[in-house]
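Take a look at the structure below.
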Amino acid sequence: MHKRTIRLLAVLFFTMAGIFIIDQNIKSLFIDGWRYYGECIDLILVYNKGVAFSMFAFLDGALKYIQLVLIFGVFGYIIYLKQLCYAIPAGLLLGGAVSNIYDRFVHEGVVDMVYWHCGFDFAVFNFADVMIDVAVVWILLLNFKPKLCKMDSKDR
Numbered sequence: 259m260h261k262r263t264i265r266l267l268a269v270l271f272f273t274m275a276g277i278f279i280i281d282q283n284i285k286s287l288f289i290d291g292w293r294y295y296g297e298c299i300d301l302i303l304v305y306n307k308g309v310a311f312s313m314f315a316f317l318d319g320a321l322k323y324i325q326l327v328l329i330f331g332v333f334g335y336i337i338y339l340k341q342l343c344y345a346i347p348a349g350l351l352l353g354g355a356v357s358n359i360y361d362r363f364v365h366e367g368v369v370d371m372v373y374w375h376c377g378f379d380f381a382v383f384n385f386a387d388v389m390i391d392v393a394v395v396w397i398l399l400l401n402f403k404p405k406l407c408k409m410d411s412k413d414r
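Yeah, the sequence shown ends on 414 if you go by this note's numbering, and it's all consecutive.
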């Protein structure tokens, strides 16, 4: 295996593992009963059967398998690209996605906890969701600003 691919896989794996561990530890606090009620934000336990804003909840158990296929597709595409600059954002995206899918298998729904209700009600979300959003913005930025993702001349 090429040295660059090994480096890419290592960064990708450790980023994914870090996000997964952090997210699952946060979720365990709420599963164990911790709550906070504030003026603008409540930290509560909600099991989301769908995806963002509970969309596709009607897919029920099939949703986790569809998401698994998408995760393998993203993972394969990142390996195909072989660009190290995608390793961290892809790790954030895949780590958050794997953590949420793990919830679907273990808890039959994604464990969400952050509820914004100041001025307007917003969807309940979790740390993994935030990491997925950050990753998407980061990946879009890399795609629209290719100079940010420099390749060595020997790797072309």
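Built from N, CA and C at the ideal position, the CB exists for glycine as well.
Query raised in the report: Is G377 near I277, with beta carbons less than 8 Å apart?
Result: The Cβ-Cβ distance between G377 and I277 does not fall below 8 Å.
key: Buried or exposed (CB count within 10 angstroms, at least 16 for buried), T273   = Answer is buried; the Cβ neighbour count reaches 16.
### Cα-Cα separation, L301 to Y294
Roughly 5 Å between the two C-alpha positions.
Run through DSSP, which three-state label would V332 get?
Note: V332 maps to helix in three-state DSSP.
Is the distance from the Cβ of C343 to the Cβ of L400 below 8 Å? Yes. Within cutoff.
Worksheet item: So which of K408, V395 and V372 has the shortest CA-CA distance to I299?
Response: Nearest option by C-alpha distance: V372.
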